[in-house]
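Residue numbers (full-length UniProt numbering): 1 to 233. We put the beta carbon where it would ideally sit given N, CA and C, even for glycine. None of these values were measured; they are calculated from a predicted model. Some notes on the structure that comes next.
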């Protein structure tokens with residue numbers, strides 16, 4: 001005969017295989033706090049690793065170069081500091097932050113405080129992505145991710161098919177990149193390619209850097225609508 005706990009276990013097995021040991025324990029109350037704190041309590045290796053992943057680790061996987069918080073690395077921190085002092089709101093204090101104490105050591109200490117936080121700490125992840133990594137352009141980051149940013153300012157015959165595929169996908173929901181104003185209907189392909197290229201040009205992928213307020217939005221749009229994974233064939 002099934003008890004309440006055995007039913008709970010069954011549910012856990014069906015819906016939580018990836019995190020079996022912990023998920024079952026929480027859903028059925030079979031583990032108490034002592035068991036969970038016991039270093040000998042095993043956690044399934046297939047558990048969702050993103051929960052245990054640090055901001056620093058996530059940034060590195062995404063192609064960013066995390067700066068050393070214990071020493072200066074050439075002029076990298078100086079470059080970040082210059083941009084930081086121009087920011088009005090997206091700072092470590094949430095407001096303009098350029099007092100006499102705001103120097104390279106200040107940025108290093110702030111970054112050191114958050115880089116080891118879990119990757120799902122979104123607000124600090126965004127701060128770290130802007131102020132704790134080497135300043136680089138959208139093109140540079142995407143190249144490290146294995147993407148080829150298409151040439152929006154000129155016509156390259158070997159890129160035509162790539163543009164066609166992107167247009168076809170964007171026509172399904174133009175709101176995903178509304179700046180590129182596409183037109184439904186037959187014989188609109190060339191016009192739509194031009195419209196998509198014009199939209200991609202607004203993203204300024206060779207100029208927009210990690211310290212820019214537009215970086216996060218622009219790199220996502222560029223990766224989705226202005227580039228292809230791998231080389232252009």
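Test item: CB-CB of residue 147 and residue 233 under 9 Å: no
Contacting residues, own chain, Cβ-Cβ under 6 Å from residue 169 (five flanking each side not counted): none
CB of residue 195 within 9 Å of CB of residue 203, strictly: no
Beta-carbon proximity check, residue 110 vs residue 216, cutoff 9 Å: no
Continuous beta strand (DSSP E) assignments of at least 3 residues falling wholly in the region 144-201: 147-149
Neighbourhood of residue 60 by C-beta, 8 Å cutoff - its chain only, sequence neighbours within 5 removed: 66
Three-state class that DSSP yields for residue 205 in the structure shown: coil
Secondary structure of residue 56, DSSP reduced to three states: helix
Pair within 9 Å by beta-carbon distance, residue 149 and residue 142: yes
Nearest-angstrom Cα separation, counted from residue 172 out to residue 69: 45 Å
CA-to-CA distance, residue 105 to residue 205, given in whole angstroms: 30 Å
Bridge partners - residue 118, DSSP secondary structure assignment: 54
C-alpha distance - residue 58 paired with residue 89, whole-angstrom precision: 24 Å
Spatial neighbours of residue 139 in its chain, beta-carbon cut-off 6 Å, leaving aside the 5 residues before and after: 149, 205 and 206
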